[in-house]
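Worksheet: the structure to be examined is printed underneath.
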Amino acid sequence: MSAAKNKRIGAEAVAEKGWWLAHQWLILRRIAQFSILALFLAGPWFGQWIVKGNLAYSYTLGFLPLTDPYVALQSMATGHLPETLGLVGMLIVLAFYFLVGGRVYCSWVCPLNIVTDAAGWLRERLGIKGGAQLGRNTRYWILGMTLVGSAVTGVVLWELINPVSMLHRGLIFGMGAAWTVVLAVFLFDLFVMSRGWCGRLCPVGAFYSLLGRWSPLRVSAPARAACNDCMDCFEVCPEPQVIRPALKGEGKGIGPVILAPNCTNCGRCIDVCSKGVFAFGTRFNNPA
Amino acid sequence: MKPKPQKSGAARRQFIFDSAKMVCGVGMLGLGLGLYAKQAKALPALALRPPGALPEEDFLGACIRCGMCVRDCPYNILELAKPEAPVATGTPFFTARHLPCEMCEDIPCIKACPTGALDHRLTDINKAKMGVAVLIDHETCLNFLGLRCDVCYRVCPVIDQAITLDMLPNTRTGRHAMFLPTVHSEHCTGCGKCEKSCVLEEAAIRILPPKLAKGELGKHYRVGWDEKAKAGHSLIDESKMMDLPDRLPEGAVLPGHYDPGSGHTATARGLPGSEAGAIPSHPPGLGGKP
Numbered sequence: 348m349s350a351a352k353n354k355r356i357g358a359e360a361v362a363e364k365g366w367w368l369a370h371q372w373l374i375l376r377r378i379a380q381f382s383i384l385a386l387f388l389a390g391p392w393f394g395q396w397i398v399k400g401n402l403a404y405s406y407t408l409g410f411l412p413l414t415d416p417y418v419a420l421q422s423m424a425t426g427h428l429p430e431t432l433g434l435v436g437m438l439i440v441l442a443f444y445f446l447v448g449g450r451v452y453c454s455w456v457c458p459l460n461i462v463t464d465a466a467g468w469l470r471e472r473l474g475i476k477g478g479a480q481l482g483r484n485t486r487y488w489i490l491g492m493t494l495v496g497s498a499v500t501g502v503v504l505w506e507l508i509n510p511v512s513m514l515h516r517g518l519i520f521g522m523g524a525a526w527t528v529v530l531a532v533f534l535f536d537l538f539v540m541s542r543g544w545c546g547r548l549c550p551v552g553a554f555y556s557l558l559g560r561w562s563p564l565r566v567s568a569p570a571r572a573a574c575n576d577c578m579d580c581f582e583v584c585p586e587p588q589v590i591r592p593a594l595k596g597e598g599k600g601i602g603p604v605i606l607a608p609n610c611t612n613c614g615r616c617i618d619v620c621s622k623g624v625f626a627f628g629t630r631f632n633n634p635a
Numbered sequence: 041m042k043p044k045p046q047k048s049g050a051a052r053r054q055f056i057f058d059s060a061k062m063v064c065g066v067g068m069l070g071l072g073l074g075l076y077a078k079q080a081k082a083l084p085a086l087a088l089r090p091p092g093a094l095p096e097e098d099f100l101g102a103c104i105r106c107g108m109c110v111r112d113c114p115y116n117i118l119e120l121a122k123p124e125a126p127v128a129t130g131t132p133f134f135t136a137r138h139l140p141c142e143m144c145e146d147i148p149c150i151k152a153c154p155t156g157a158l159d160h161r162l163t164d165i166n167k168a169k170m171g172v173a174v175l176i177d178h179e180t181c182l183n184f185l186g187l188r189c190d191v192c193y194r195v196c197p198v199i200d201q202a203i204t205l206d207m208l209p210n211t212r213t214g215r216h217a218m219f220l221p222t223v224h225s226e227h228c229t230g231c232g233k234c235e236k237s238c239v240l241e242e243a244a245i246r247i248l249p250p251k252l253a254k255g256e257l258g259k260h261y262r263v264g265w266d267e268k269a270k271a272g273h274s275l276i277d278e279s280k281m282m283d284l285p286d287r288l289p290e291g292a293v294l295p296g297h298y299d300p301g302s303g304h305t306a307t308a309r310g311l312p313g314s315e316a317g318a319i320p321s322h323p324p325g326l327g328g329k330p
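And the structure:
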């Protein structure tokens, strides 16, 4: 039980860079998440109808349609084609996340991310270890199952239980008992499985990871030579498996860009690194 | 091409077992979801979909639960089903007894729908089929009790077409009429105004899904008078019509009965020349004059 073992994640970064630089991407991300939520809530709460709808489909200022391509894909799997606005909205969202990284949706937009991040943070603070483990590719199996299942049942299958849309819809249209599902995800991540929901189960994230497979915007480790193996980035990262190849691959001829599609571009590794190893960059600037 | 056959064999076994584990686990989840989906298709009879909604089994595949119809309804009658509601989570519905559809002529809810779960081909709200009104309880309906409530008839946006008042003699009093609200399903949009305004504690008239409310004739059935009207004349040669002898008591006369054999119509009872007495005002057992 050395002092180093009990230290807080990012403590070195705070000491080295100051509080703001050690938290800037986290703060920006929360601002993005809450701002998007505020845009949706401005209508029902204050009568300012900037955005109508919810994350499944929204219509902004009477001209911008945005459709969740995963929900639309399930609907199409049942054999139904959306209307023109629905299709245009889907193309816009597809193009956007194709460029900025699919799982940017998870870390910068998804309201449930705040819940699971809170569970992850509390789990670390309480020192809860162990618990059940599931492979990180489980989500892709669930993704496939929801698409096949939608085709078989003729129902947009995942939307029957999707905690992400339940939470978002609940906040905007009335929560009802949806909070129980959200609480269940929180407790699941806290006690049962570390980073269980977003990191292993959620097919929404799985879909978006495939969408951002070739996205240009990536986190990179251009200063990886400066890494002092403090492990803070691995500890804080919701998908720690994505870091290793880029951070430790110098000897194997692997470039410093994190190319794994499950990197959510959350930027927490950039925050917590006291050595300034990480930075946002593009996938093309990747010298081995 | 087999540098380490032993290891690759073990790896292959591991891969197969891992895959089997996934298929089983996710399959279980899928099975549960599928069964839940089956339950979700059972829309409660009193939960009505917005105008233009596809049939329920198509609706649940087309609706993405965005709530645009809810937002664009000027009367705020629609709500998205909460998880605890007996309607598929997140889908829009209204309850006529609580708030009926106001039947906007421009149908903004349909226009707002990005998927066509509310069919954009419906442009005339009078052709909507959200359900069918059914005067479900003849025992408590005030008009059936002989009163002139008429509220459902008066509030009907398609008055005198979707609901008419059909006059019948009040056999209880023997001297009044009953004005029975009668729904004509081909004109009823299922807006629910009648159910909303029924003055009873529990509405005697309710909007039901057409499937529950409507009978269906055999496809081969032809209604004679319709066919006659279509053809413009009787479909049979009436002069060749045979009439079998009526089995009546000896000497009895059936009033108004045309006997093709004799070519005469029997005199009505009670008239001079009739052997039988006056026509009883009621069949036995159905009440008479007090």
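Protein chains in written order, with this note's numbering: chain W, 348 to 635; chain P, 41 to 330. Note that CB positions come from ideal geometry on N, CA and C, so glycine has one too.
- A distance of 7 Å or more separates the beta carbons of P/Leu94 and W/Leu504.
- Residues of the region 102–114 of chain P whose Cβ lies closer than 8 Å to any Cβ of chain W, in chain order: Ala102, Cys103, Ile104, Arg105, Cys106, Gly107, Met108, Val110, Arg111, Asp112.
- Beta-bridge partners assigned by DSSP to P/Asp206: P/Leu220.
- Here P/Phe219 is buried. Its C-beta has 16 or more other C-beta atoms within 10 Å.
- At the C-beta level, W/Val604 and W/Ser567 come within 7 Å of one another.
- Of all residues in the region 141–167 of chain P, those with a C-beta nearer than 9 Å to a C-beta of chain W are Ala152, Cys153, Pro154, Thr155, Gly156, Ala157, His160, reading in chain order.
- A straight-line Cα-Cα distance of about 40 Å links P/Ile276 and P/His216.
- Annotation for W/Val435: Pro412 place their beta carbon closer than 6 Å to its own, counting only its chain and skipping 5 residues before and after.
- Interface criterion met: the Cβ of P/Met62 is under 7 Å from a Cβ in chain W.
- Using a Cβ-Cβ cut-off of 7 Å, W/Tyr417 does not count as an interface residue toward chain P, since no Cβ of chain P sits closer than that to its own.
- For P/Val174, the uninterrupted beta strand (DSSP E) segment begins and ends at 172–175.
- When CB distances to chain W are screened at a threshold of 9 Å, the residues of the region 117–130 of chain P falling below it are Glu119, Leu120, Ala121, Lys122, Pro123, Glu124, Ala125, Ala128, Thr129, Gly130, in chain order.
- When the Cα atoms are used, W/Val511 and W/Ile461 turn out to be separated by approximately 11 Å.
- Taking 7 Å as the cut-off, the Cβ atoms of W/Gly521 and W/Gly448 do not count as close.
- Residue contact with chain P for W/Trp366: absent (no Cβ-Cβ distance below 7 Å to any residue of chain P).
- Against W/Met492, the close residues of chain P are Val66, Gly67, Leu69, Gly70, Leu73, in the order they occur along the chain (beta-carbon pairs closer than 9 Å).
- Apart from sequence neighbours up to five positions away, the residues of its chain that approach P/Asn183 with a beta-carbon distance below 8 Å are Cys189, Asp190, Leu205, Met218, Phe219, Leu220, Pro221, ordered along the chain.
- At a cut-off of 4 residues, the continuous stretches assigned as alpha helix (DSSP H) that sit fully inside the region 361–427 of chain W are 371–393, 416–424.
- Taking 9 Å as the upper bound on Cβ-Cβ separation, chain W lies near no residue of the region 188–217 of chain P.
- Take P/Ala136, set aside five residues on each side of it, and the residues of its chain with a beta-carbon closer than 7 Å to its own are Leu88, Gly232, Glu235, Lys236, Ile247, in chain order.
- Bounds of the beta strand (DSSP E) holding P/Ile247 are 245–248.
- Within chain P, the residues Arg105, Gly107, Leu120, Gly130 have their CB atoms less than 8 Å from the CB of W/Arg516, given in chain order.
- In this structure, W/Tyr417 is the residue among W/Leu494, W/Thr500, W/Tyr417, W/Ala626 with its C-alpha nearest to the C-alpha of W/Arg450.
- Neighbours of P/Lys81 across chain W, judged by C-beta separation under 9 Å: Thr500, Gly501, Val502.
- For P/Pro132, the beta-bridge partners assigned by DSSP are P/Leu120.
- For P/Asp200 and P/Cys192, the gap between their C-alpha atoms comes out near 11 Å.
- If you draw a straight line from the Cα of P/His227 to the Cα of P/Arg161, it is about 18 Å long.
- Boundaries around W/Leu564 are those of the beta strand (DSSP E), 564–567, since no alpha helix (DSSP H) includes it.
- Ranked by Cα distance from P/Val63, the first of W/Val495, W/Val619, W/Glu586 is W/Val495.
- Between the alpha carbons of W/Leu373 and P/Ala82 lies a distance of about 44 Å.
- Annotation: P/Val223 to P/Asp283 spans about 37 Å, alpha carbon to alpha carbon.
- In chain order, Thr425, Gly426, His427, Gly501 make up the part of chain W whose C-beta sits under 9 Å from the C-beta of P/Asp98.
- The contact set of P/Ala77 on chain W, defined by CB atoms closer than 7 Å, consists of Thr500, Val502, Leu504, Leu507 in chain order.
- Taken through DSSP and simplified to helix, strand or coil, P/Ile199 comes out as strand.
- Residue contact with chain P for W/Leu432: present (Cβ-Cβ distance below 7 Å to some residue of chain P).
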